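**Q** Handing you a structure now.
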């Protein structure tokens with residue numbers, strides 16, 4: 001006999017609109033600008049509205065004695081009535097000439113036209129007297145190079161792959177002949193199999209110019225392993241040279257390029273990395289001498305949006321049911337986008353205000369050592385939001401400050417207990433490690449154990465493996481690789 005039972009349970013399901021909103025919060029200013037541009041192209045009922053004054057800023061008292069988090073005011077529902085907003089008049093001052101300050105315009109870097117290094121290399125070899133088959137084959141070899149200009153395939157593999165791909169038989173001798181031609185091209189070292197060959201060819205090129213690089217050639221040819229681990233004493237013993245002679249040879253080797261092609265991933269049109277800040281933080285001093293921090297969203301690139309009511313009315317007046325459904329769907333999409341932008345701005349401002357509140361001392365002077373331990377949970381608890389929301393709002397976001405552009409993720413750090421009982425940010429400890437390494441004796445650099453002991457003398461008690469982790473985060477090599485003769 002079948003037994004039937006009834007139970008009750010509570011589950012949490014996130015709706016597709018909520019997922020879309022969470023992804024919307026993670027967009028940077030440039031990504032949001034691109035998203036709005038696409039929506040304007042796809043949705044005929046959505047159009048750019050009149051530019052409104054910037055109300056997305058809030059003054060924060062930096063030097064106040066109160067530790068209470070500042071009260072956040074909710075934005076006015078200026079866009080609640082779409083009919084009124086759609087036909088809102090443009091303010092008179094917006095129609096005047098030169099009504100914008102120079103500070104409102106962000107400098108944008110021009111496009112830099114660069115030629116791809118593979119194209120330059122092909123143009124070099126095409127000046128040589130090659131037949132059609134050789135020209136196609138050497139182009140294939142150039143395309144087989146890595147982005148750094150190394151050739152990791154053997155002549156046999158290249159011959160087999162080319163023959164199979166083009167249906168034309170090519171023997172190994174033809175490939176090796178063209179490889180010799182390729183390795184005569186600029187830059188010096190192109191087509192090398194590894195680092196050692198790349199350095200050797202550059203040194204041979206210097207020797208052909210009459211420079212004395214014999215010792216450097218011997219070191220690269222026979223003592224590459226010792227050179228990699230900075231075992232200078234063994235090199236001097238094997239090569240029977242003095243320290244001064246070795247220093248000169250090492251200077252010649254260090255002047256070489258470790259890769260045949262520098263910045264090999266550059267495309268035909270390269271745009272220099274240009275960070276567009278999502279927040280603009282400025283400082284003002286009031287009549288009482290107190291410093292106020294003004295937090296504003298960088299909305300200069302984000303247009304205001306509105307519903308094209310005239311177009312919507314003209315289509316809605318039609319008795320076509322499909323047309324009415326189309327208008328309703330596009331209006332709903334446009335309304336969601338406008339509301340999502342407002343929600344994003346409010347969430348971003350609340351988050352940034354909380355961050356400034358926690359890192360008050362850092363925002364006064366920009367000193368990394370002033371950073372306090374702060375995690376996502378601290379900010380989330382302060383403004384009563386979920387940790388995942390704070391993570392999305394701060395991910396890939398930057399703030400422009402008087403002391404430079406900062407990544408918001410760099411402001412979050414774990415706390416380390418001090419002898420005094422207080423906590424310091426691990427960023428402060430990383431700065432202490434960087435200072436110790438900067439002032440060390442390069443002939444006998446500190447290893448991780450010695451750094452641990454020196455940090456303990458300063459009150460930072462951390463494990464040796466933690467020192468190694470922080471050192472690697474700072475992109476600092478180990479003591480052996482930092483050693484200089």
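In full-length UniProt numbering, the protein residues as written are 1 to 485.
Ideal Cβ positions, reconstructed from N, Cα and C, are used throughout, including at glycine.
None of the values given here were measured: they were computed from a predicted structure.
#1: Mapping DSSP to helix, strand and coil, what is residue 42?
#2: Going by C-alpha distance, which of 459, 441, 182, 457 is nearest residue 482?
#3: I'd like to check one pair, residue 368 with residue 428: are the Cβ atoms closer than 8 Å?
#4: Should residue 129 be labelled buried (16 or more other beta-carbon atoms within 10 Å of its own) or exposed?
#5: Tell me, please, which residues DSSP counts as bridged to residue 400.
#6: Which residues does DSSP pair with residue 253 in a beta bridge?
#7: Report the rounded CA-to-CA distance for residue 383 versus residue 354, giving the unit in angstroms.
#8: Which whole-angstrom value is the C-beta distance of residue 227 and residue 236, which I expect to be below 8 Å?
#9: How would you write the range of the beta strand (DSSP E) that residue 130 sits in, first residue to last?
#10: Look at the alpha carbon of residue 140 and the alpha carbon of residue 386, and state the distance between them as a whole number of angstroms.
#11: Per DSSP, what kind of secondary structure is residue 292 in: helix, strand or coil?
#12: Please determine, among 333, 341, 249, 362, the residue with the shortest C-alpha to C-alpha distance to residue 43.
#13: From residue 254 to residue 220, what does the alpha carbon distance come to, in whole angstroms?
#14: Since residue 215 and residue 249 should fall inside the 8 Å C-beta cutoff, what is the C-beta to C-beta distance between them, to a whole number of angstroms?
#15: Among 390, 357, 423, which residue has its Cα nearest to the Cα of residue 348?
#16: Does the distance from the CB of residue 432 to the CB of residue 455 come in under 8 Å?
#17: Could you say which of 409, 470, 388 lies nearest to residue 416 if we only look at CA atoms?
#18: Give me whichever residues DSSP pairs with residue 307 in a beta bridge.
#19: Please classify residue 146 as buried or exposed, where buried requires at least 16 other C-beta atoms within 10 Å of its C-beta.
#20: Can you have a look at residue 435 and say buried or exposed, based on whether 16 or more other CB atoms are within 10 angstroms of its CB?
#21: For residue 424, write down the residues that DSSP places opposite it in a beta bridge.
#22: Are the stretch 301-308 and the stretch 26-43 in contact at 8 Å, needing three or more beta carbon pairs?
#23: Compare the C-alpha of residue 342 against each of 297, 370, 327 and name the closest.
#24: Give the DSSP-derived three-state secondary structure of residue 374 in the structure shown.
#25: Could you please give me the residues that DSSP links to residue 29 through a beta bridge?
#26: Pull up the distance between the alpha-carbon of residue 286 and that of residue 365, whole angstroms please.
#27: So residue 165 is in the alpha helix (DSSP H); what residue range does that whole segment cover?
#28: Pick out whichever of 370, 331, 182 has its Cα sitting closest to the Cα of residue 122.
#29: Could you check whether residue 191 and residue 151 sit closer than 8 Å to each other, using their CB atoms as the reference points?
#30: Determine the DSSP secondary structure at residue 152, reduced to helix, strand or coil.
#31: Please say whether residue 260 and residue 398 have beta carbons closer to each other than 8 Å?
#32: Below 7 Å CB to CB, which residues in the same chain sit around residue 25 once its five sequence neighbours on both sides are set aside?
#33: Among residues of its own chain, excluding the 5 on either side of residue 35, which ones have a beta-carbon nearer than 7 Å to its beta-carbon?
#34: Assign residue 425 to one of two classes, buried (16 or more other C-beta atoms within 10 Å of its C-beta) or exposed (fewer than that).
**A** On the basis of the data shown:
#1: Looking at residue 42 - three-state DSSP - the assignment turns out to be helix.
#2: The closest CA to that of residue 482, considering only 459, 441, 182, 457, is found on 441.
#3: A contact, by the Cβ cut-off of 8 Å.
#4: Residue 129 is exposed by the Cβ-count criterion.
#5: Looking at the DSSP assignment, residue 400 forms a beta bridge with 280, 405.
#6: BP columns for residue 253 are empty, so no partner.
#7: Their Cα atoms are separated by approximately 7 Å.
#8: Actually they are not in contact, since the Cβ atoms of residue 227 and residue 236 sit about 12 Å apart, beyond 8 Å.
#9: Unbroken run through residue 130: none, as it is neither H nor E.
#10: Computed Cα separation, rounded: 53 Å.
#11: DSSP places residue 292 within a strand segment (E or B) once states are collapsed to three.
#12: Closest by alpha carbon: 333.
#13: Their backbone Cα atoms lie some 11 Å apart in a straight line.
#14: Right, their Cβ atoms sit about 4 Å apart.
#15: Of 390, 357, 423, the residue nearest in Cα terms is 390.
#16: The beta carbons of residue 432 and residue 455 sit closer together than 8 Å.
#17: By alpha-carbon distance to residue 416, the top candidate from 409, 470, 388 is 470.
#18: DSSP output for residue 307 lists 46 as bridge partner(s).
#19: Per the 10 Å Cβ criterion, exposed.
#20: With fewer than 16 Cβ atoms within 10 Å of its Cβ, residue 435 is classed as exposed.
#21: Partner(s): 416.
#22: Three or more beta-carbon pairs separated by less than 8 Å link the stretch 301-308 to the stretch 26-43, which places the two stretches in contact.
#23: Just measuring C-alpha positions, the residue of 297, 370, 327 sitting nearest residue 342 is 297.
#24: Three-state result, residue 374: strand.
#25: None, per the DSSP bridge assignment.
#26: Cα to Cα, the separation comes out at about 18 Å.
#27: Residues 155-166.
#28: Closest by alpha carbon: 182.
#29: Closer than 8 Å, so yes.
#30: Residue 152: coil per DSSP, three-state reduction.
#31: If you check the CB distance, residue 398 and residue 260 do not come in under 8 Å.
#32: So the qualifying residues of the chain are 344, 347, 389, 392, 393.
#33: Excluding its 5 nearest sequence neighbours in each direction, residue 35 has C-beta neighbours in its own chain below 7 Å: 27, listed in chain order.
#34: By the neighbour-count criterion, in which a residue is buried when 16 or more other Cβ atoms sit within 10 angstroms of its Cβ, residue 425 is buried.
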